[in-house]
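First comes the structure, then the notes that go with it.
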Amino acid sequence: MLAQQRQQTILERVRRDGGVRVADLVRELGVSDMTIRRDLEALAERGLVEKVHGGATAAGPGSTEEPGFTAKSARQRAEKDAIARRAAALVRPGTAVALSAGTTIWTLAHHLVDVPDLTVITNSVRVADVFHRAPRPDRTVVLTGGVRTPSDALVGPVAVAAIRRLHVDTLFLGVHGMSVRAGFTTPNLLEAETDRELVASATRLVVPADHTKWGTVGISTIAELSEAHLVITDEGLPQAAREELAAHVGGLIVAEGRASAPPAGSGPDDPT
Numbered sequence: 517m518l519a520q521q522r523q524q525t526i527l528e529r530v531r532r533d534g535g536v537r538v539a540d541l542v543r544e545l546g547v548s549d550m551t552i553r554r555d556l557e558a559l560a561e562r563g564l565v566e567k568v569h570g571g572a573t574a575a576g577p578g579s580t581e582e583p584g585f586t587a588k589s590a591r592q593r594a595e596k597d598a599i600a601r602r603a604a605a606l607v608r609p610g611t612a613v614a615l616s617a618g619t620t621i622w623t624l625a626h627h628l629v630d631v632p633d634l635t636v637i638t639n640s641v642r643v644a645d646v647f648h649r650a651p652r653p654d655r656t657v658v659l660t661g662g663v664r665t666p667s668d669a670l671v672g673p674v675a676v677a678a679i680r681r682l683h684v685d686t687l688f689l690g691v692h693g694m695s696v697r698a699g700f701t702t703p704n705l706l707e708a709e710t711d712r713e714l715v716a717s718a719t720r721l722v723v724p725a726d727h728t729k730w731g732t733v734g735i736s737t738i739a740e741l742s743e744a745h746l747v748i749t750d751e752g753l754p755q756a757a758r759e760e761l762a763a764h765v766g767g768l769i770v771a772e773g774r775a776s777a778p779p780a781g782s783g784p785d786d787p788t
């Protein structure tokens, strides 16, 4: 079993049981004590678990935690880029797309800057800035107003009103988590309302989400899994999870490979 697969197995156990013991993992996974401790350290560095004496527990504080954009952008960068490249292949010239907030969608935006005759609707300051930095005379970008969240989304009544009468071919929706029970979720109540309006505006809903989003539940549901026409994830999602997810969504694509991160000079700390 590869380290990434082993760590995903450990993470799923933590999320299911609330915690794990090193001794139990050594016995069940057939690896050394040191290997398990390295795995727990790697998961803790990513903020996915909290190390305790003899094991690890689920990371808090829970369903309303909303990390800032910079913190989230440092996680799973290669996986997000592989997903974004696959998602970008779905976009054709002359279409209208909506891009919600989120670091995976921000990564996708970098791969759409050369698509001609594109209309982009977004409630993300970061996404709008990507297109602002690479202007094209044949592209239209509409940035909604609204109240800015820690993840640099514009949300609330102003954003909802701006989106309500719009119609797009495809929405690429960034999510905090996805599960069979809760669907696609966010930790921000106002963002959920705004994202639901984006879903209503779109003919097709595509959710690009890396494997760490599976089993994560935010406080508010944006959409049920069945509303997604397509989910694009990465190879880190275990086979059992792939089968369960595929049974509930319109289609599932697993982006192959660990592509390079976004180009230098387009990092999350660039001014907006």
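Using this note's numbering, the letters of the sequence shown correspond one by one to residues 517 to 788. Using N, Cα and C, we set each Cβ at its ideal position, and we do this for glycine too.
Other residues of its chain near residue i: CB distance less than 8 Å, five sequence neighbours each side excluded
| i | result |
| --- | --- |
| G535 | V568, G571, A572, T573 and A574 |
| V722 | A603, L606, T686, L687, F688, L689, A744, H745, L746, V747 and I748 |
| T737 | A698, G699, F700, T701 and A708 |
| T665 | E582, A617, V671, N704, L706 and E707 |
| V715 | L687, L689, L721, I738, A739 and E743 |
Other residues of its chain near residue i: CB distance less than 7 Å, five sequence neighbours each side excluded
| i | result |
| --- | --- |
| A558 | Q523 |
| K596 | T619, T620, T623 and D726 |
| E751 | V770 and E772 |
| R680 | E713 |
| R529 | V536 |
| S579 | Only weak support exists for where S579 lies, its pLDDT of 48 falling under 50; the coordinates are left without a value. |
| L541 | I526 and I552 |
| V492 | The first residue shown for the chain is 517 and the last is 788, placing residue 492 beyond what the model contains. |
Among the options, nearest to residue i - alpha-carbon criterion
| i | options | result |
| --- | --- | --- |
| S667 | M694, T702 and S695 | T702 |
| T638 | P651, T656 and E740 | T656 |
| R553 | R531, H764 and I526 | I526 |
| R593 | R562, D654 and G610 | R562 |
| A678 | R649, T660, A757 and P754 | T660 |
| G662 | D654, V676, R649 and P651 | V676 |
| A756 | G546, W730 and G767 | W730 |
| A519 | R531, R537, S548 and R532 | S548 |
| P609 | A598, S616, R652 and V641 | R652 |
| V641 | L556, L761 and A617 | A617 |
| V684 | L615, D645, H692 and D555 | L615 |
| A598 | D540, L682 and P724 | P724 |
| A513 | D533, M550 and R532 | The chain is shown only over 517 to 788; residue 513 falls outside these bounds and no answer can be derived. |
| T719 | L682, V696 and T732 | L682 |
| A650 | A669, V629 and V643 | V629 |
Beta strand (DSSP E) segment containing residue i, residue limits
| i | result |
| --- | --- |
| E566 | V565 to V568 |
| S791 | Given a span of 517 to 788 for the chain in the structure shown, any question on residue 791 remains unanswerable. |
| L543 | Here the sequence assigns Arg to residue 543, which means Leu is not the residue at that position. Element bounds for R543: not the beta strand (DSSP E) but the alpha helix (DSSP H), V538 to L545. |
| R562 | First-last for R562: undefined, no H or E at that position. |
| A716 | Segment L705 to S717 is the alpha helix (DSSP H) holding A716; no beta strand (DSSP E) there. |
| D726 | Note, D726: premise wrong, no beta strand (DSSP E); not H, not E. |
| A572 | G571 to A574 |
| A771 | L768 to A771 |
| L746 | L746 to D750 |
| G699 | G699 to T702 |
Outcome for residue i when other beta-carbon atoms lying within 10 angstroms are tallied against a minimum of 16
| i | result |
| --- | --- |
| R543 | exposed |
| L705 | exposed |
| D711 | buried |
| G734 | buried |
| E759 | exposed |
| G546 | exposed |
| D633 | exposed |
| D654 | exposed |
| P673 | exposed |
| G767 | exposed |
| M694 | buried |
| R763 | This sequence places Ala at residue 763; Arg is not what is there. Exposed, by the Cβ-count rule. |
| H648 | exposed |
| V643 | buried |
| V696 | exposed |
Contacting residues, own chain, Cβ-Cβ under 6 Å from residue i (five flanking each side not counted)
| i | result |
| --- | --- |
| T635 | A612 and T656 |
| V658 | I637 |
| R532 | none |
| L741 | G699, H764 and V765 |
First and last residue of the uninterrupted alpha helix (DSSP H) at residue i
| i | result |
| --- | --- |
| A517 | It is Met, not Ala, that sits at residue 517 in the sequence shown. Unbroken run through M517: none, as it is neither H nor E. |
| I738 | Not the alpha helix (DSSP H): I738 falls in the beta strand (DSSP E), residues S736 to A739. |
| L761 | Q755 to A762 |
| A612 | It is not in any alpha helix (DSSP H) - A612 instead sits in the beta strand (DSSP E) that spans A612 to L615. |
| A594 | R593 to A604 |
(request) Identify every run of the beta strand (DSSP E) within the region 626–685, keeping only runs that are complete inside it and at least 3 residues long; order them along the chain. (result) 635–638 and 656–659
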